[in-house]
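Report on the structure given below.
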Amino acid sequence: MGKNHMQSDFDSTVCAKNSDILLAENSIIMHNENSISDEGSDAGENEQYLNASARKFQMFPSTSTSTFCPSEKSTYVLMNNDMWSSLLCNIKCDECDMCSLDVECNGAYGFSSKIELKCKSCKKIFNSVFSSPRDDDSKCFEANKKLVEAFLKIGKGHAALELFSMAIGIHAMDKKTFSKCLLKLYEEKCSFKEDILEISWKVVRKHHEDLLGIVNGGYNFGCFNSLAIEHKELSAVSVDISHKRDKRRLAQSEKKNSSDWKKKRISNKLAKSSKITRNIKKEGETYGSGKF
Numbered sequence: 001m002g003k004n005h006m007q008s009d010f011d012s013t014v015c016a017k018n019s020d021i022l023l024a025e026n027s028i029i030m031h032n033e034n035s036i037s038d039e040g041s042d043a044g045e046n047e048q049y050l051n052a053s054a055r056k057f058q059m060f061p062s063t064s065t066s067t068f069c070p071s072e073k074s075t076y077v078l079m080n081n082d083m084w085s086s087l088l089c090n091i092k093c094d095e096c097d098m099c100s101l102d103v104e105c106n107g108a109y110g111f112s113s114k115i116e117l118k119c120k121s122c123k124k125i126f127n128s129v130f131s132s133p134r135d136d137d138s139k140c141f142e143a144n145k146k147l148v149e150a151f152l153k154i155g156k157g158h159a160a161l162e163l164f165s166m167a168i169g170i171h172a173m174d175k176k177t178f179s180k181c182l183l184k185l186y187e188e189k190c191s192f193k194e195d196i197l198e199i200s201w202k203v204v205r206k207h208h209e210d211l212l213g214i215v216n217g218g219y220n221f222g223c224f225n226s227l228a229i230e231h232k233e234l235s236a237v238s239v240d241i242s243h244k245r246d247k248r249r250l251a252q253s254e255k256k257n258s259s260d261w262k263k264k265r266i267s268n269k270l271a272k273s274s275k276i277t278r279n280i281k282k283e284g285e286t287y288g289s290g291k292f
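Heads up: the sequence shown begins at 1 in the UniProt record's numbering, then just goes up one per residue.
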């Protein structure tokens, strides 16, 4: 039942992608039909349509192996573990002099595994390494973070990542590792946002300084000189105000996403619900005479 459900989801996804491709091709053909004149035979018009479509498709980047640059190397490779024995079948072990070297994957940390090169005969382990590097400032594996970011970009979450793991037959990432990767991505986006804000502040400040230079260069007397001074003061004040406002908004967003803020909101909701419950119970009580 689960397999049929996964197959139907896969078929629906493939159909949706194929429909998008067909719509794109139809839009290109309709555009070419409007641009080409009515003169000529039908065969000549079809040839012009195909040539125009081919020229437009050449503008888009291709990922096929025929157009792939050999100097560009992929960072990650999807590989079956059984292929290691075929790769190492002619290499002898320096201990037992047998061609029995193999690679074993022991321990899964999300989508990263510990790979060991060992001999099947003498059980000697030559070396071991993780299939993905770690970040310098954290213990998060790069492969886990990249896959979480990729599924977030297509609007999917942990459930879709589990289905992806089941489909290709690899270990699924648990929710704890998924949450750690989310936190790491959020911290990176916040630092990137601060850098963008700093650049925008510099651009605005430079723009105000350029306007001030134009005013000073065109008018060097009386009221215009004082106007330039006032403009300089106002521009500096406006930049500082916008700077403080953006910092305040960033601090507020970080505060709302903190664990203490979430705990406080939950406690307030619980207190409010308990107060409503007490009021309801109080309304249902009956009192004797003289107790009001």
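Where is the CB? At the ideal position from N, CA and C, for every residue including glycine.
In the pairwise beta carbon analysis, the segment 135–151 is classified as touching the segment 177–188: at least three pairs are separated by under 8 angstroms. Asp135 carries a coil assignment under DSSP once its states are collapsed to helix, strand and coil. Nearest to Cys140 by C-alpha distance, out of Ala167, Thr177, Gly169 and Ala159, is Thr177.
As the crow flies, the alpha-carbon of Lys263 is around 20 angstroms from that of Lys175. Excluding the 5 residues flanking it on each side, His171 has same chain C-beta neighbours closer than 7 angstroms at Ala108 and Ser165, in chain order. Residue state for Ala108 is assigned as strand, using DSSP reduced to three classes. The straight-line gap separating the alpha-carbon atoms of Arg205 and Ala143 is approximately 40 angstroms. Taking 8 angstroms as the cut-off, the Cβ atoms of Leu185 and Asp246 do not count as close.
Straight across, the Cα-Cα distance linking Glu194 with Asp102 is about 48 angstroms. If you look at Val148, you'll find it in the alpha helix (DSSP H) that goes Glu142 to Lys153. The beta carbon of Met98 sits closer than 6 angstroms to those of Ser121, all from its chain and outside the five residues before and after it, given in chain order. Collapsing the DSSP output to three states places Asp102 in a strand. Taking a 10 Å sphere around the C-beta of Lys118, we find 16 or more other C-beta atoms and assign the residue as buried. Within the model, the alpha-carbon separation for Ser200 versus Lys256 is close to 25 angstroms.
8 angstroms or more divides the Cβ of Lys114 from the Cβ of Asn127. For Glu95, the secondary structure class from DSSP, reduced to helix, strand or coil, is coil. Of Lys73, Lys269, Lys153 and Cys93, the smallest CA-CA separation from Lys124 is found for Cys93. Excluding five sequence positions before and after Leu88, the CB atoms of its chain that fall closer than 6 angstroms to its own CB belong to Leu101, given in chain order. Ser267 and Ser112 have their C-alpha atoms roughly 39 angstroms apart.
The closest CA to that of Glu187, considering only Ser274, Asp260, Leu250 and Glu116, is found on Leu250. Within its own chain, the residues whose Cβ lies closer than 7 angstroms to the Cβ of Cys96, once the five positions on either side in sequence are excluded, are Cys119, Ser121 and Cys122, listed in chain order. At the C-beta level, Met173 and Leu161 come within 8 angstroms of one another. In the three-state DSSP reduction, Val77 falls in the coil class, being neither helix nor strand. Counting other Cβ atoms within 10 Å of its Cβ, Ser258 stays below 16 and is therefore classed as exposed. Closest by C-alpha distance to Lys189, out of Ser253, Met79 and Ser74, is Ser253. Under the three-state reduction of DSSP output, Ile125 falls in the strand class.
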